[in-house]
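Chemist:
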Amino acid sequence: MAGRAVDATEKALYNFGPGLLTQNYWDKAANKGKGGWLPRLQAAAGPHKDKSTDPHAAGRALDIILFANDPTERDFADRIVQVFLAQRVAMGWIAVIYNGREWNRAGLEFPRSGDAVNRHVTHIHIEWAKAGVGVDNFASDLEDALYNEFSAGNISSGNYAVG
110 MAGRAVDATE
120 KALYNFGPGL
130 LTQNYWDKAA
140 NKGKGGWLPR
150 LQAAAGPHKD
160 KSTDPHAAGR
170 ALDIILFAND
180 PTERDFADRI
190 VQVFLAQRVA
200 MGWIAVIYNG
210 REWNRAGLEF
220 PRSGDAVNRH
230 VTHIHIEWAK
240 AGVGVDNFAS
250 DLEDALYNEF
260 SAGNISSGNY
270 AVG
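Each number in my numbering corresponds to the 1-based position in the sequence shown with 109 added.
Structure (structure tokens):
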């Protein structure tokens, strides 16, 4: 079960973020390699994760699937990251990771190296500490910020296949 901060962020993104986030995407690795449609907002830990240590399994993280190799999706992701940075104190997250970059709770950016999975080139990862995941009093401000950022020019319908 996701924490209140994760739920509030997911709801705000779904309702006020780019319309693309309401759509599924095709993941060729899903369903034991047979492929399948998956949601772009994912709070649950994937089957490849160690459930005892993964912040998703603990309800403290959300993945926002936006591919850095697609210019439109990268633009959406970069804009969402900027909203998260502007709202970081109220949201109380401890890390945001996307496309080879990571921001800590102080908003400081540093490079993220390693393979594509560790660099998070397919999604934004946002994570809260145990003490902060129960807070959702930032939801209204986050919704307003997302609305202001994405109120025009959304992609609002259709499913998209990738990879």
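The beta carbon of each residue, even a glycine, is placed where N, CA and C say it ideally should be.
From the DSSP output, which residues share a beta bridge with Val190?
Modeler: Note: Val190 sits in no beta bridge, so no partner.
Chemist: Could you spell out where the beta strand (DSSP E) holding Leu171 opens and where it closes?
Modeler: Leu171 -> beta strand (DSSP E) spans 170 to 174.
Chemist: Run the CB neighbour count on Thr181, radius 10 Å, all protein chains shown included, and call it buried at 16 or more, exposed below.
Modeler: Exposed is the call here.
Chemist: Quick one: what does DSSP say Gly145 is sitting in, helix, strand or coil?
Modeler: Strand at Gly145.
Chemist: Report all residues from its chain with a CB closer than 6 Å to the CB of Gly241; omit the five preceding and five following residues, and keep chain order.
Modeler: Here the set comprises Gly201.
Chemist: Would you identify the three-state DSSP class for Phe219, choosing helix, strand or coil?
Modeler: Three-state result, Phe219: strand.
Chemist: Which residues does DSSP list as the beta-bridge partners of Ala204?
Modeler: BP columns for Ala204 point to Asn213, Glu236.
Chemist: Given 8 Å as the limit, is there contact between the region 217 to 232 and the region 242 to 257, that is, 3 or more CB pairs closer than that?
Modeler: Not touching, per the Cβ criterion.
Chemist: Going by DSSP, what residue range makes up the alpha helix (DSSP H) through Asp136?
Modeler: Per DSSP, Asp136 belongs to no alpha helix (DSSP H); it is in the beta strand (DSSP E), 133 to 136.
Chemist: Is Pro164 buried or exposed, if buried means 16 or more other CB atoms sit within 10 Å of its CB?
Modeler: Buried, because 16 or more other Cβ atoms sit within 10 Å of the Cβ of Pro164.
Chemist: Give the straight-line distance between the Cα atoms of Asp224 and Asn246, rounded to the nearest whole angstrom.
Modeler: Cα-Cα distance, rounded: 36 Å.
Chemist: Below 7 Å CB to CB, which residues in the same chain sit around Pro148 once its five sequence neighbours on both sides are set aside?
Modeler: Excluding positions up to five away in sequence, the list reads Asn133.
Chemist: Rounded to whole angstroms, what's the CA-CA distance from Phe125 to Arg188? Just pull it up for me.
Modeler: Taking the straight line from one Cα to the other gives about 13 Å.
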